[in-house]
Amino acid sequence: MDTFRHELAIYLNDHLAGATGGVELAHRLAHEHDSAELTGLARDIQEDRDSLLRIMTALGVQQDHVKVAAGWLGEKLGRLKLNGHLFSRSPLSYVIELEAMRLGVDGKAAGWQTLHCLSEHDSRLDRADLDDLLARAEAQRETLERLRRQAVTAVFVKSS
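At position 80 of the sequence shown (counting the first as 1) the number is 81 in the working numbering, and the numbers step up by one without a gap.
Structural data, given as structure tokens:
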């Protein structure tokens, strides 16, 4: 597996950057909506990022602090969406943010699947741990999709 060490380091650091932005967004959503469900989701997403860091350490992959900072900054810049409200928060923002979280979780699951595949060739990767991470990503996807559908109804369906 040493042949692809450089490419794997780039790949894992790209996922770490995304995870960093995802953690920031998840914590912000949990805080803004004062939701126990979102708080639990944010905690799980933080734990997933921590798991990625442990995997990177086990594989001898160094963190690219520039990419991590870019992931953090990207989440901050993502707040500057023009959703029809200049000085206040648009109800549409929650829908967009849940969709962004859902896409992030799908990307994270793809990363876990990649590592699961590589575990056949590298004993430093624990297949059982990766199975657990994949299952948690699927549960997160289901939660986010349910919350997104609720938000879509609240924003786009007007009660008469």
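Yeah, the Cβ is synthetic: ideal placement off N, Cα and C, and Gly gets one too.
C-alpha gap between T144 and D15, whole angstroms: 24 Å
Output needed for I46: all residues of its chain with C-beta closer than 6 Å, excluding positions within five of it in sequence on either side, in chain order. G23, V24 and A27
Does the distance from the C-beta atom of L116 to that of L131 stay below 7 Å? yes
Status (buried if at least 16 other CB within 10 Å, exposed otherwise) for S94: buried
Mind checking which residues open and close the alpha helix (DSSP H) that includes H16? R6 to H34
So the candidates are I56, H7 and E38; which of them puts its Cα closest to the Cα of A129? I56
Using C-beta distances below 8 Å, list every residue in its chain close to S120, excluding the 5 sequence neighbours before and after it, in chain order. L126, D127, R128 and L131
Quick check on K109: does DSSP put it in helix, strand or coil? helix
Applying the 10 Å Cβ sphere with the 16-neighbour rule, what's the burial state of G61? exposed
Secondary structure at D123, three-state DSSP: helix, strand or coil? coil
Judging by CA-CA distance, which residue of S124, Q63, S91 and A111 is the nearest neighbour of R137? A111
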